[in-house]
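Engineer: Next up is a structure, given as structure tokens.
Number of protein chains: 2
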Amino acid sequence: MSTFKQEPHKLLVIPGPIEVTDEVLYANAHPSMSHVSPDFIPVFGDCLRMTRQVLYTADAQPFLISGSGTLGWDQVSANLVEPGENVLVLNSGYFGDAFTDCLRTYGATVDELHAPFGSAVDLKTLEVALHSKSYKLVAFTHVDTSTGVLSDAKGIAEVVKLVSPDSLTVLDGVCSVASEEIQMDAWGIDVVLTASQKGLGTPPGLSILVASQKAVKVFETRKSPVTSYYASWKKWLPIMRAYEAGSAAYFATPPVNLIYAYNASLTAITQKSPSLADRFRLHKEASARIKSAAEELGFRQLAVDAALAANGMTALYFPDGLVASDLLPRLAKRDIVVAGGLHKDYKEKYFRIGHMGVSVVDAQRDDIDRVIAALKESLAEAKASKNV
Amino acid sequence: MSTFKQEPHKLLVIPGPIEVTDEVLYANAHPSMSHVSPDFIPVFGDCLRMTRQVLYTADAQPFLISGSGTLGWDQVSANLVEPGENVLVLNSGYFGDAFTDCLRTYGATVDELHAPFGSAVDLKTLEVALHSKSYKLVAFTHVDTSTGVLSDAKGIAEVVKLVSPDSLTVLDGVCSVASEEIQMDAWGIDVVLTASQKGLGTPPGLSILVASQKAVKVFETRKSPVTSYYASWKKWLPIMRAYEAGSAAYFATPPVNLIYAYNASLTAITQKSPSLADRFRLHKEASARIKSAAEELGFRQLAVDAALAANGMTALYFPDGLVASDLLPRLAKRDIVVAGGLHKDYKEKYFRIGHMGVSVVDAQRDDIDRVIAALKESLAEAKASKNV
Chain W
1 MSTFKQEPHK
11 LLVIPGPIEV
21 TDEVLYANAH
31 PSMSHVSPDF
41 IPVFGDCLRM
51 TRQVLYTADA
61 QPFLISGSGT
71 LGWDQVSANL
81 VEPGENVLVL
91 NSGYFGDAFT
101 DCLRTYGATV
111 DELHAPFGSA
121 VDLKTLEVAL
131 HSKSYKLVAF
141 THVDTSTGVL
151 SDAKGIAEVV
161 KLVSPDSLTV
171 LDGVCSVASE
181 EIQMDAWGID
191 VVLTASQKGL
201 GTPPGLSILV
211 ASQKAVKVFE
221 TRKSPVTSYY
231 ASWKKWLPIM
241 RAYEAGSAAY
251 FATPPVNLIY
261 AYNASLTAIT
271 QKSPSLADRF
281 RLHKEASARI
291 KSAAEELGFR
301 QLAVDAALAA
311 NGMTALYFPD
321 GLVASDLLPR
331 LAKRDIVVAG
341 GLHKDYKEKY
351 FRIGHMGVSV
361 VDAQRDDIDR
371 VIAALKESLA
381 EAKASKNV
Chain E
1 MSTFKQEPHK
11 LLVIPGPIEV
21 TDEVLYANAH
31 PSMSHVSPDF
41 IPVFGDCLRM
51 TRQVLYTADA
61 QPFLISGSGT
71 LGWDQVSANL
81 VEPGENVLVL
91 NSGYFGDAFT
101 DCLRTYGATV
111 DELHAPFGSA
121 VDLKTLEVAL
131 HSKSYKLVAF
141 THVDTSTGVL
151 SDAKGIAEVV
161 KLVSPDSLTV
171 LDGVCSVASE
181 EIQMDAWGID
191 VVLTASQKGL
201 GTPPGLSILV
211 ASQKAVKVFE
221 TRKSPVTSYY
231 ASWKKWLPIM
241 RAYEAGSAAY
251 FATPPVNLIY
261 AYNASLTAIT
271 QKSPSLADRF
281 RLHKEASARI
291 KSAAEELGFR
301 QLAVDAALAA
311 NGMTALYFPD
321 GLVASDLLPR
331 LAKRDIVVAG
341 GLHKDYKEKY
351 FRIGHMGVSV
361 VDAQRDDIDR
371 VIAALKESLA
381 EAKASKNV
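Chains as they are written, first to last, in UniProt numbering: chain W, 1 to 388; chain E, 1 to 388.
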């Protein structure tokens, strides 16, 4: 093991990128390696296998592709939907809008069910929609990073299976994988797409998507050609299968260093303490601490109900009379970096705190205490300066 | 400056990824930063500006997007060509085939001029083709990584400007940027696309594309919508302009750590010794040394003519009676990692050596000597064992 220590820095508690361990960063500084080296192939293969473990799936097909999380939408839109086919998007914020935009770019006919701000689409509404029309695919954002709203993944999958068993259920887990429990096989989720820089605790740059065998079959039996080149599973499926089987194949150079980093983080998540189940519990506990501390200080959450609030992030309205510039620079002065608002209609009115990964699972760190203390001090200072 | 030293490792001399400096790897291990942080914005902005410098362009528009070099083809195909438009590809190997495949995926009508194996398309053939039909875009691989063949970028651009001035000239520089001189403005190249892990001396994971203002205008005046989401300049252009102007904008999370690494490498390339001009000269010198040493040992190059041989890599036929398994493992035993063949029709018959970046510009290193010595010893050993 190396003695590498990252530089001192402000604590990054935005909803991704998140704080990354020294181990993971050191892996990201691995000497250059050939992408077809016999030393590298099992590193890539293990990433595929461990990605499955995080999602509790035995046989779904992971895709690890150089790109942002956004590329996952292209993968779904280009490979699983044919032009003119119907898709239903459960829209709970900014990322629902964007996924819809992506699906339409590739020719899907998209209907959206819009949740009220701070809320998720309710299951009854979903059920009615599924009865009224046949959908190839139902997509939802598990945690909308713009609002911190958590959708009921298990419930959604159940309704889809019951009312429209042929539809594919697609979970956008960019802000939920490894911070929220996702039982891909048990719940019947067909696609989980995510990125490396949130719950998975790795620098950004990796589009991670896992497709059930049912989804792979839908892809393999599509009638029209895939209209993307870089996002085409026709190109990537043989590559992923080759690396997992222990041999190299080439379509595009993988982000070798980032794969080492992802491997280091996945190893910690799947093989070290805490266990995966404990990891989810620790996220819930840290989230509860932050949320109750914020409420005690008079902050109100965007999520209208506790059951609708994510466990890896918290979105809070500024108290009356205060704006972003009153609070965020004061937090930064205390070395705490949070994020501003993102949802187009409300972005001036709230801010967001991320609490994922090492900041919540490493008992040696006091990140959550630091965040709560800084929030308290900054709020008091802001109120005093504005006579609120 | 840090005292970070990368782990001892085999010398990686494939045509990308290449050896990366400690400084660049250390930057890749930067603590997590927000992609919209005021500290990060100028790092990204400087990458855009320095990318221009490397290509000798005053005002072309760089795009830095999380992805493999391959994504550059999607960017060209999706943004600059509309379905049914004519494209001419000068095909000098594997990467010409692939670029053609990508263009057709997005609906382009592609004609190919195939160069004989080991050669580039000659300018006279290009001229005739341009007289016979009108092309929206002419694309060529500057250095085909599968063969080490160098195309005459300046000459191609001249012919296009003379015969078909409205056509866009697109240079695939994945294996040439920063190892071969490219005068984008002076020569009239409209698009240069590349990746981070070759001459630019950074780990893989960044699609780097630079578009002339003429190309940007062609994009902005296109009639049909862009059919890719992730590769759409409609999404990315405002982002690149914002970061360069000193403010953040969001479409997809950039690969923050890799941007730090790319910044470190670009800083060395554009602001430190050797100068950019000297860098190209040093690549030529190292290339000449390797090529002449290989020829003295009895190896023959794939490139049929010295003027057609790249300066950042060398592709060599195995001598009669020897195959890859005779030579490559013996090089690896001497800690030298070279690459096998890639071109579909000839891949068992040759191997490739990369000589780019720090391996050729850092006078403190003896990488080229080590490669030559190992090649000599390995060849002698292989011949002896096979009685060749």
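Don't be surprised by glycine CBs; every beta carbon is placed ideally from N, CA and C. Predicted, not measured: the structure shown is a model, and the values here were computed from it.
From the DSSP secondary-structure annotation, give me the bridge partner or partners of E/N86.
Structural biologist: DSSP lists E/T109 as partners of E/N86.
Engineer: Assign W/P204 to buried or exposed, taking buried as 16 or more other Cβ atoms, counted over all protein chains shown, within 10 Å of its Cβ.
Structural biologist: Per the 10 Å Cβ criterion, buried.
Engineer: Can you confirm whether E/C102, when its beta carbon is compared against all beta carbons of chain W, has any partner nearer than 7 Å?
Structural biologist: So yes, E/C102 belongs to the interface.
Engineer: Is the Cβ of W/N28 closer than 7 Å to any Cβ of chain E?
Structural biologist: At least one chain E Cβ lies under 7 Å of W/N28.
Engineer: Taking the alpha helix (DSSP H) that W/D22 falls in, what are its first and last residues?
Structural biologist: Unbroken alpha helix (DSSP H) run through W/D22: D22 to N28.
Engineer: Report the rounded CA-to-CA distance for W/K161 versus E/S224, giving the unit in angstroms.
Structural biologist: In a straight line, the C-alpha of W/K161 is about 38 Å away from that of E/S224.
Engineer: So which of E/D305, E/E7, E/S359 and E/V54 has the shortest CA-CA distance to E/N263?
Structural biologist: Of E/D305, E/E7, E/S359 and E/V54, the residue nearest in Cα terms is E/V54.
Engineer: Which same chain residues, not among the five before or five after E/E244, have their C-beta less than 6 Å away from its C-beta?
Structural biologist: Hits under 6 Å: G45 and L48.
Engineer: Counting C-beta neighbours from all protein chains within 10 Å, is the total for E/Q271 16 or more, i.e. buried, or is it exposed?
Structural biologist: E/Q271 comes out exposed.
Engineer: Looking at chain W, which residues of the region 229-253 of chain E have a Cβ within less than 9 Å of any of its Cβ atoms?
Structural biologist: Per Cβ criterion, the list reads Y229, Y230, A231, S232, K235, Y250, F251, A252 and T253.
Engineer: Just the C-alpha distance for E/E23 and E/A268, rounded to the nearest angstrom, thanks.
Structural biologist: So the alpha carbons of these two residues sit roughly 9 Å apart.
Engineer: Only counting runs of 4 or more residues, tell me where the alpha helix (DSSP H) segments fall wholly within the region 262-348 of chain W, in order along the chain.
Structural biologist: Fully enclosed alpha helix (DSSP H) runs of 4 or longer: 276-296 and 324-333.
Engineer: Looking at the C-beta of E/D74, does it have a partner C-beta in chain W at a distance below 7 Å?
Structural biologist: By this cut-off, E/D74 is an interface position.
Engineer: Check the Cβ-Cβ distances between E/V337 and every residue of chain W, and say whether any is below 7 Å.
Structural biologist: Output row for E/V337: interface = yes.
Engineer: DSSP puts E/P203 in a beta bridge; with which residues?
Structural biologist: In DSSP, E/P203 forms no bridge with anything.
Engineer: Check the Cβ of W/V192 against every Cβ in chain E and list those closer than 7 Å, keeping chain order.
Structural biologist: Here the premise fails: no neighbours, minimum Cβ distance about 18 Å.
Engineer: Please check the pair W/D144 and W/T169, which I expect to be a contact at CB under 8 Å, by giving their CB distance rounded to whole angstroms.
Structural biologist: The Cβ separation is near 17 Å, so there is no contact.
Engineer: Does the contact criterion of 3 or more C-beta pairs under 8 Å hold for the region 370-388 of chain W versus the region 306-323 of chain W?
Structural biologist: Contact holds: three or more Cβ-Cβ distances are below 8 Å.
Engineer: For W/V159, which three-state DSSP category applies?
Structural biologist: Helix, per DSSP.
Engineer: Can you tell me which of the three DSSP states W/A231 falls into?
Structural biologist: If DSSP states are grouped into helix, strand and coil, W/A231 belongs with coil.
Engineer: How about W/I259: is its C-beta nearer than 7 Å to some C-beta of chain E?
Structural biologist: Taking Cβ atoms only, chain E never reaches closer than 7 Å to W/I259, which makes this a no.
Engineer: Under a Cβ-count criterion, where at least 16 other Cβ atoms within 10 Å of its own Cβ denotes burial, should W/D59 be classed as buried or exposed?
Structural biologist: Exposed, since its Cβ has fewer than 16 Cβ neighbours within 10 Å.
Engineer: Which bits of chain W does E/M33 rub up against, with CB to CB less than 8 Å?
Structural biologist: In chain order: H9, L12 and P17.
Engineer: Considering just the uninterrupted stretch of the alpha helix (DSSP H) at E/I368, what are its terminal residues?
Structural biologist: Residues D367 to K386.
Engineer: By alpha-carbon positions, which one of W/M356, W/S164 and W/T105 ends up nearest to W/P83?
Structural biologist: W/P83 has its Cα closest to that of W/T105, out of W/M356, W/S164 and W/T105.
Engineer: Under 7 Å between beta-carbons, which chain E residues line up against W/L276? List them in chain order, please.
Structural biologist: Under the 7 Å cutoff, chain E gives no residues; its nearest Cβ is about 22 Å from W/L276.
Engineer: Of all the residues that make up the region 205-218 of chain W, which are near chain E by a beta-carbon distance shorter than 7 Å?
Structural biologist: Cβ contacts with chain E come from G205.
Engineer: Shorter than 7 Å from the beta carbon of W/V177 to some beta carbon of chain E?
Structural biologist: Output row for W/V177: interface = no.
Engineer: For E/W187, tell me which candidate among E/T202, E/G201, E/S196 and E/L171 has the shortest Cα-Cα distance.
Structural biologist: That would be E/L171, whose Cα lies nearest to the Cα of E/W187.
Engineer: With a Cβ-Cβ cutoff of 7 Å, do W/L88 and W/V138 count as a contact?
Structural biologist: Yes, the pair counts as a contact, with Cβ atoms nearer than the cut-off.
Engineer: Name the two residues that bound the continuous alpha helix (DSSP H) containing E/P42.
Structural biologist: Segment I41 to V54, the alpha helix (DSSP H) holding E/P42.
Engineer: How would you list, in chain order, the residues of chain E whose beta-carbon sits under 9 Å from the beta-carbon of W/S77?
Structural biologist: Per Cβ cutoff of 9 Å: Y229.
Engineer: Among W/T253, W/S212 and W/L80, whose alpha-carbon lies nearest the alpha-carbon of E/L71?
Structural biologist: Considering only alpha carbons, the answer is W/T253.
Engineer: Taking just the CA atoms, how far does W/A261 sit from W/L25?
Structural biologist: W/L25 and W/A261: Cα-Cα distance of roughly 7 Å.
Engineer: Quick one: using the 10 Å Cβ neighbour count with 16 as the cut-off for buried, is E/R279 buried or exposed?
Structural biologist: The residue is buried, with at least 16 neighbouring Cβ atoms inside 10 Å.
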